[in-house]
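Chemist: Numbering-wise (my numbering), the sequence shown opens with residue 8 and increments by one.
For glycine and all other residues, C-beta sits at the position ideal for the given N, C-alpha and C.
Remember, it's a predicted structure, so these values are computed and weren't measured experimentally.
The structure is given below, and queries will be raised subsequently.
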Amino acid sequence: YMALNPSAKRKSSRSPERKLPKKSKADGSSLGQPLSPTLWCHVHLEKSIIGSPLKVKNSKNSNCPKEELEEVMKIVSPAKLGSNFHIPKRSRLGKGNSKSLDKKQRGKRVLNGQKSSGKAKSPRKGLKTPKMKMKQITLLDMAKGTTKVSRAPRNSGGTPGSSRKPQKHLPPAALHLIAYYKENKDREDKKSALSCIISKTARLLSNEDRARLPEDLRGLVQKRYELLEHRKRWATMTEEQRKEYMKKKREKLKEKLKERAKERKEKEMKEKLEKQRRFEDQDLKGKTLPTFKLVDTPEGLPNTLFGDVAMVVEFLSCYSGLLMPDAQYPITAVSLMEALCAEKGGFLYLNRVLVILLQTLLQDEIAEDYAELGMKLSEIPLTLHSASELVRLCLRKSDVQEESEVSDNVDESKDLAAFEDNEVQDEFLEKLETSEFFELTPEEKLRILGALCHRILMTYSVQDHVEAKQQASAELWKERLAILKEENDKKRAEKQKRKEMVAKTKENGKEEHVMGRNEKKKHEIMKIEHRVEIEADDMISAVKSRRLLAIQAKKEREQQEIQMRVRMEKEAEEERIRRHKAAAEKTFQDGIAKAKLVMRRTPIGTDRNHNRYWLFSDEVPGLFIEKGWVHESIDYRFTLPHQKKEDLKKDYSPGEKRKSTGNDSRGSKLHRSMPTTDLPAETTTPKQGQNLWFLCDSQKDLDELLDCLHPQGVRESQLKERLEKKYQDITHSIHLARKQNLGLKSCDGNQQLLNYLRSDLIEVATRLQKGGLGYVDVTPEYEAKVYSLESLKDFGECVIALQAGVVKKFLQGFMAPKQKRRKHQGEDYIARADEIDEDKKMAEEAKVASAMEKWKTAIREAQTFSRMHVLLGMLDACIKWDMSAENARCKVCRKKGEDDKLILCDECNKAFHLFCLRPALYEIPDGEWQCPACQPSTARRSSRSR
């Protein structure tokens with residue numbers, strides 16, 4: 008063909024794009040020199056026609072090889088077959104090679120024993136990928152397939168020219184870029200070279216070639232191409248066009264940023280809403296909660312009673328400002344548990360707790376009706392030794408009934424009585440009649456302590472204390488708001504000032520800029536001139552310049568020192584302000600916390616198993632977990648969201664009054680904060696079981712607990728949030744829980760009561776003797792007799808004898824009749840008044856005798872030493888100790904001293920110096936003596952007449 012068509016020689020040796028085809032390694036032409044076109048065609052024609060097993064159709068009427076070749080070339084042109092298709096010379100066709108192959112063999116036939124290139128494709132069977140290796144078909148098969156190719160595509164139009172174009176190779180610049188990028192993409196020193204190659208390739212490649220690049224390079228080249236095009240356009244733009252372009256670009260950027268912000272906001276909102284969704288904790292799958300150890304309680308105190316211990320200690324801690332304002336040693340849970348189980352050894356600690364509670368209760372208005380044998384309990388001396396009996400007298404039902412009878416409102420009094428009656432069981436109070444408080448069981452002691460706490464909660468003093476704390480909290484909030492307002496006003500003023508300064512600087516900006524430039528130029532010129540002058544001057548000028556430089560350096564040092572001093576003062580002032588703010592913040596937080604604590608103590612939250620988590624004060628250190636807190640008296644109910652009823656209703660037993668309904672508040676908050684459609688509903692209730700208390704006493708356990716709590720559970724989400732918020736407080740409490748307890752002071756309760764009763768008897772007798780209030784001789788024999796007493800009966804007789812020795816006029820209360828003071832008038836009036844009051848006096852004396860008999864009977868029937876201490880305290884309260892001679896002070900000169908010259912009035916028991924009286928006395932008269940104020944008017948007249 009090429010010999011017959013010399014004009015096609017140049018075209019046939021090149022690709023359709025006039026470029027030399029890239030030789031593959033598998034190509035036979037790569038070995039040695041390429042064959043001449045004539046020889047090459049001749050050799051391949053021999054191979055394809057003579058040695059081919061294919062049989063041409065209609066072989067009987069076949070023409071000569073040259074004619075057949077011309078017919079084939081009319082159908083297929085070299086341009087359509089590609090540059091790798093070669094036309095063989097004519098040769099003979101053998102008769103035995105006229106058989107045709109089937110379709111499968113035809114598809115697997117290799118043309119001239121060579122692999123086909125990516126551009127030489129079969130019209131019937133195209134290549135799927137450029138890398139796939141296809142076998143070359145014969146010219147005869149291609150001639151047969153031309154008619155089918157025209158029919159195969161739907162949009163081909165039936166012409167042979169509609170067949171798919173062969174794929175092009177990438178230009179050398181692109182191939183060079185790909186190779187260079189693979190080798191140097193991670194090297195820092197080749198970045199600039201790589202950027203230059205990318206720019207060069209972006210200029211050379213067409214859109215089609217750029218699209219055929221690998222993915223990681225395609226974006227880089229495309230961006231670089233766009234940047235180069237933009238630079239070209241920018242260079243051709245005018246100033247106005249550039250401004251307009253930048254304006255549009257900014258608007259587009261703003262819109263894009265707005266869209267991105269909107270999308271990000273929507274995405275964040277979706278994520279937030281998804282996180283805010285809550286589910287029933289037990290329906291969620293998550294990590295198993297860690298197991299905590301039981302609270303360590305002393306032997307004899309069940310774990311179930313720890314809640315009552317914590318309640319008593321928390322009550323004493325929360326109301327410490329009211330109950331024990333000056334106490335240096337607070338009541339702790341560990342010490343209280345030891346005291347409850349120590350029997351005799353816990354006397355001092357337990358009775359101290361009783362005294363703290365009774366001091367507040369008995370001094371309140373609510374205790375005005377609490378009385379024993381006609382005497383108010385508040386008038387009886389309260390000591391460690393009388394506390395046990397006074398507790399029994401305060402909690403007995405008789406006081407409540409008397410109070411309810413006096414009450415005007417019958418319904419309220421009934422409710423109050425019912426509440427009071429349920430506080431302590433009668434059997435506990437009956438035990439207190441025959442035994443001391445420390446001799447009861449731990450459970451009975453805790454019930455009595457809890458009842459005292461509840462009784463104190465009803466007092467007016469607690470109500471006033473709560474109101475005072477709330478008022479203090481309100482004042483703190485007012486101060487905080489005032490400070491915040493002041494700071495905001497300062498910020499506004501500074502902001503306004505800055506705005507004004509900015510406006511002024513904008514107005515004077517240009518002038519100052521021009522003036523600044525001129526000044527800089529002048530300064531530089533002066534420097535240059537100064538340097539020239541210095542160089543030109545002689546040694547004298549150099550010395551002067553050095554002096555000037557030294558003076559200037561000294562001034563600069565002084566200025567630096569001043570600046571350093573100012574900076575130090577400023578830092579000190581800032582530190583002082585910071586400390587002041589920290590102290591104010593601590594005071595504020597403490598005041599708010601105390602105001603909350605006097606109202607209630609609520610649990611932190613509940614977990615998936617409905618266990619409650621408690622963080623108490625420092626007196627009960629650690630994080631506690633309460634299990635099985637629901638029992639028959641608690642009604643735990645909830646309603647589903649589609650039901651229009653109340654949210655959650657939970658009532659707690661009276662023994663847990665201080666532990667407020669934390670779950671109830673949790674449910675109401677959920678209903679307020681979330682819409683009713685997405686309202687999470689609890690589907691499980693806590694199971695009734697044994698009430699047990701567990702302790703988390705290490706930071707590792709706390710971190711593990713936080714990790715296991717599910718963030719989307721109804722209960723555990725809030726629990727986790729609150730635990731994270733109080734993490735520092737919890738770790739501090741856990742650290743306190745590890746400290747070793749100092750232990751209780753050893754003592755014997757019975758011996759303490761016995762010794763103090765003996766000492767109290769001797770003390771009362773001695774004071775009576777020294778004060779001249781009774782006829783008791785306190786001799787060593789009397790003291791030895793008292794110290795030898797052991798039984799309560801002997802102590803009772805001694806107390807009765809002591810009361811008999813008190814002078815009647817120095818008695819008061821239920822042991823003496825009430826006396827009305829009246830003005831001194833004539834004898835007739837006195838006689839008449841005596842006749843009128845005679846009946847009343849008789850009634851009063853009978854009443855006193857009855858009260859005294861009751862008191863003596865109570866002494867003889869006393870079964871505990873604390874009861875005997877109370878009865879002795881009643882005698883002590885009925886003696887007029889203010890009239891004792893030990894407190895004697897001259898009514899005239901108001902001085903003590905010279906006791907041998909002091910005389911006491913037998914009527915009012917007031918003291919006078921003999922030399923202070925007018926007329927003066929030189930010696931103490933025999934018999935009774937009355938002061939001038941107590942003498943009858945007739946006696947005074949007779950003395951004047953004498």
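1) Does the beta-carbon of Ala200 have 16 or more other beta-carbons within 10 angstroms, so that it is buried, or is it exposed?
2) Could you give the distance in angstroms between the alpha-carbon of Leu780 and the alpha-carbon of Glu372?
3) Closer than 7 Å by C-beta to Thr208: which residues in its own chain qualify, once you throw out the five before and the five after it? Chain order, please.
4) Run through the segment 764 to 799 for me and flag every whole alpha helix (DSSP H) of 4 or more residues, listed as ranges in chain order.
5) Rounded to the nearest angstrom, what separates Ala560 and Gln706 at their Cα positions?
6) To the nearest angstrom, how far is the alpha carbon of Glu379 from that of Tyr763?
7) For Ser748, which residues from the same chain have a beta carbon less than 6 Å from its beta carbon, with the 5 sequence-adjacent residues on both sides left out?
8) If we count the other Cβ atoms within 10 Å of its Cβ and call it buried at 16 or more, is Gln937 buried or exposed?
9) According to DSSP, is Ile387 part of a helix, a strand, or is it coil?
10) Given Lys898, which residues of its chain have a CB within under 7 Å of its CB, disregarding the five upstream and five downstream residues?
11) Skipping 5 residues on each side, what residues in its chain have a beta carbon closer than 8 Å to that of Val855?
12) Let me check understanding here. Comparing Cα to Cα, which of Leu775, Leu878 and Gly803 lies closest to Ala892?
13) Just to confirm my understanding: we take Lys384, look at its own chain, exclude 5 residues before and 5 after, and list those with CB closer than 8 Å. What are they?
14) For a test of the three-state rule: what should DSSP assign to Gly934, helix, strand or coil?
15) Tell me, to the nearest whole angstrom, how far the beta carbon of Cys912 is from that of Gln819; I am working on the premise that it is less than 8 Å.
16) For a test of the three-state rule: what should DSSP assign to Ala940, helix, strand or coil?
17) Looking at the structure shown, is Lys128 part of a helix, part of a strand, or coil, going by DSSP?
18) What did DSSP end up calling Ile632 once you bin it into helix, strand or coil?
19) Can you find the residues in the same chain that come closer than 8 Å, C-beta to C-beta, to Val362, ignoring five residues on each side of it along the sequence?
20) Using a Cβ-based criterion (distance less than 6 Å to any ligand heavy atom), does Cys348 qualify as near the ligand GDP?
21) Can you list, in chain order, the residues of its chain with a C-beta nearer than 6 Å to that of Lys197? Leave out the 5 residues immediately preceding and following it.
22) Throw me the rounded Cβ distance for the Asp614 and Arg722 pair, which I believe falls under 8 Å.
23) Quick one, which of Gly803, Lys908, Glu935 and Lys279 has its alpha-carbon nearest Ser873's?
24) Examine the Cβ distances between the segment 278 to 292 and the segment 702 to 721 and report whether three or more of them are shorter than 8 Å.
25) With burial defined as no fewer than 16 other Cβ atoms inside 10 Å of the residue's Cβ, what is the status of Ser202: buried or exposed?
26) With the cut-off set at 7 Å, would you say His638 and Gln695 are in Cβ contact?
27) Taking the C-alpha atoms as reference points, what is the distance between Leu456 and Asp315?
28) Could you tell me which of Lys777, Lys848 and Lys792 sits nearest to Val813, measuring between CA atoms?
29) Taking C-alpha atoms, which residue in Glu446, Gly307, Thr311 and Glu273 lies nearest to Gly352?
30) What's the gap between the Cα of Ala489 and the Cα of Ala600?
31) Under three-state DSSP, which class holds His920?
32) Buried or exposed: which applies to Ser798, given that a residue is buried once 16 or more other Cβ atoms fall within 10 Å of its Cβ?
33) Could you check if Asp889 is buried or exposed, using at least 16 other CB atoms within 10 Å of its CB as the buried criterion?
34) Closer than 8 Å by C-beta to His876: which residues in its own chain qualify, once you throw out the five before and the five after it? Chain order, please.
35) Quick check: what's the CA-CA separation for Val302 versus Glu474?
36) For Trp862 and Leu878, I'd like the C-alpha separation in whole angstroms.
Modeler: Short version:
1) Here residue 200 refers to the residue found at position 193 of the sequence shown. Per the 10 Å Cβ criterion, exposed.
2) Reading the sequence shown from its first residue, position 773 is the one you call residue 780. Reading the sequence shown from its first residue, position 365 is the one you call residue 372. For the pair Leu780 and Glu372, the Cα-to-Cα distance works out to about 33 Å.
3) By 1-based counting over the sequence shown, the position of residue 208 is 201. Excluding sequence neighbours, Thr208 sits near Ala180, Ala181, Leu184 and Val228.
4) 787 to 794
5) Position 553 of the sequence shown, counted from the start, is the residue given in the question as residue 560. Position 699 of the sequence shown, counted from the start, is the residue given in the question as residue 706. For Ala560 and Gln706, the distance between alpha carbons rounds to 59 Å.
6) Here the question's residue 379 lines up with position 372 in the sequence shown. Here the question's residue 763 lines up with position 756 in the sequence shown. Answer to the nearest angstrom: the Cα atoms are 22 Å apart.
7) Within the sequence shown, the letter at position 741 stands for residue 748. One point to set straight first is that residue 748 is Asn, not Ser, in the sequence displayed. Correct list, in chain order: Val341.
8) Position 930 of the sequence shown, counted from the first residue, corresponds to residue 937. Burial call: exposed.
9) Numbered from its first residue, the sequence shown carries residue 387 at position 380. Ile387: coil per DSSP, three-state reduction.
10) The residue labelled residue 898 in the question sits at position 891 within the sequence shown. Excluding sequence neighbours, Lys898 sits near Lys917, Ala918 and Phe919.
11) Walking along the sequence shown from the start, residue 855 turns up at place 848. Contacts found: Phe821, Met822, Ala823 and Pro824.
12) Taking the sequence shown and counting its residues from 1, the one referred to as residue 892 is at position 885. Measuring from the Cα of Ala892, the nearest candidate turns out to be Leu775.
13) As a first step, residue 384 is located in the sequence shown; it is residue number 377 there, counting from the start. Note that residue 384 corresponds to Leu in the displayed sequence, not to Lys. Counting only Cβ-Cβ distances below 8 Å, and skipping sequence neighbours, we find Leu369, Ala374, Tyr377, Ala378, Leu397, Leu400 and Cys401.
14) Residue 934 sits at position 927 when you count from the first residue of the sequence shown. Coil.
15) Against the sequence shown, residue 912 aligns to sequence position 905. Against the sequence shown, residue 819 aligns to sequence position 812. No, Cys912 and Gln819 are not in contact; Cβ-Cβ is about 18 Å, not under 8 Å.
16) Taking the first residue of the sequence shown as position 1, residue 940 is located at position 933. In the structure shown, Ala940 sits in coil (DSSP, three-state: anything other than H, G, I, E or B).
17) In the sequence shown, the residue the question calls residue 128 occupies position 121. The predicted model places Lys128 with a pLDDT of 41, which falls under 50 and marks its position as unreliable, so this point remains unresolved.
18) For the purposes of this step, residue 632 is identified with residue 625 of the sequence shown, where counting begins at 1. Looking at Ile632 - three-state DSSP - the assignment turns out to be strand.
19) In the sequence shown, the residue the question calls residue 362 occupies position 355. So the list reads Leu389, Thr390, Leu391 and Ala394, once near-sequence residues are dropped.
20) Ligands are entirely absent from the displayed structure, and the ligand GDP is therefore not among its contents.
21) Here the question's residue 197 lines up with position 190 in the sequence shown. Hits under 6 Å: Asn191.
22) By one-based count along the sequence shown, residue 614 stands at place 607. By one-based count along the sequence shown, residue 722 stands at place 715. Your pair Asp614 and Arg722 checks out as a contact, with CB atoms roughly 6 Å apart and the cut at 8 Å.
23) As a working mapping, residue 873 is identified with position 866 in the sequence shown. Closest option to Ser873, Cα to Cα, is Gly803.
24) Touching, yes, given that three or more Cβ pairs across the two stretches are closer than 8 Å.
25) Taking the sequence shown and counting its residues from 1, the one referred to as residue 202 is at position 195. The residue in question, Ser202, is exposed, as its Cβ has fewer than 16 Cβ neighbours within 10 Å.
26) Counting from one through the sequence shown, the residue named residue 638 turns up at place 631. Counting from one through the sequence shown, the residue named residue 695 turns up at place 688. Yes; because the gap between Cβ atoms is below 7 Å, this pair is in contact.
27) Residue numbering aside, residue 456 sits at position 449 when the sequence shown is read from its first letter. Residue numbering aside, residue 315 sits at position 308 when the sequence shown is read from its first letter. Straight-line Cα distance between these residues: approximately 9 Å.
28) Residue 813 sits at position 806 when you count from the first residue of the sequence shown. Residue nearest to Val813 within the set Lys777, Lys848 and Lys792 is Lys777 (criterion: CA-CA distance).
29) Position 345 of the sequence shown, counted from the first residue, corresponds to residue 352. Nearest option by C-alpha distance: Glu446.
30) Indexing the sequence shown from 1 puts residue 489 at position 482. Indexing the sequence shown from 1 puts residue 600 at position 593. About 20 Å.
31) In the sequence shown, the residue the question calls residue 920 occupies position 913. Residue state, collapsed to three classes: strand.
32) Residue numbering aside, residue 798 sits at position 791 when the sequence shown is read from its first letter. Answer is exposed; the Cβ neighbour count stays below 16.
33) Start at 1 with the first residue of the sequence shown, and residue 889 comes out as number 882. Exposed, by the Cβ-count rule.
34) Taking the first residue of the sequence shown as position 1, residue 876 is located at position 869. Cβ neighbours of His876 beyond the five flanking positions: Thr390, His392, Ser393, Glu396, Leu760, Tyr763, Leu764 and Asp767.
35) Within the sequence shown, residue 302 is the residue found at index 295, counting from 1. Within the sequence shown, residue 474 is the residue found at index 467, counting from 1. Spanning the two alpha carbons is a distance of roughly 35 Å.
36) Taking the first residue of the sequence shown as 1, we reach residue 862 at position 855. Taking the first residue of the sequence shown as 1, we reach residue 878 at position 871. Rounded to the nearest whole angstrom, the C-alpha separation of Trp862 and Leu878 is 8 Å.
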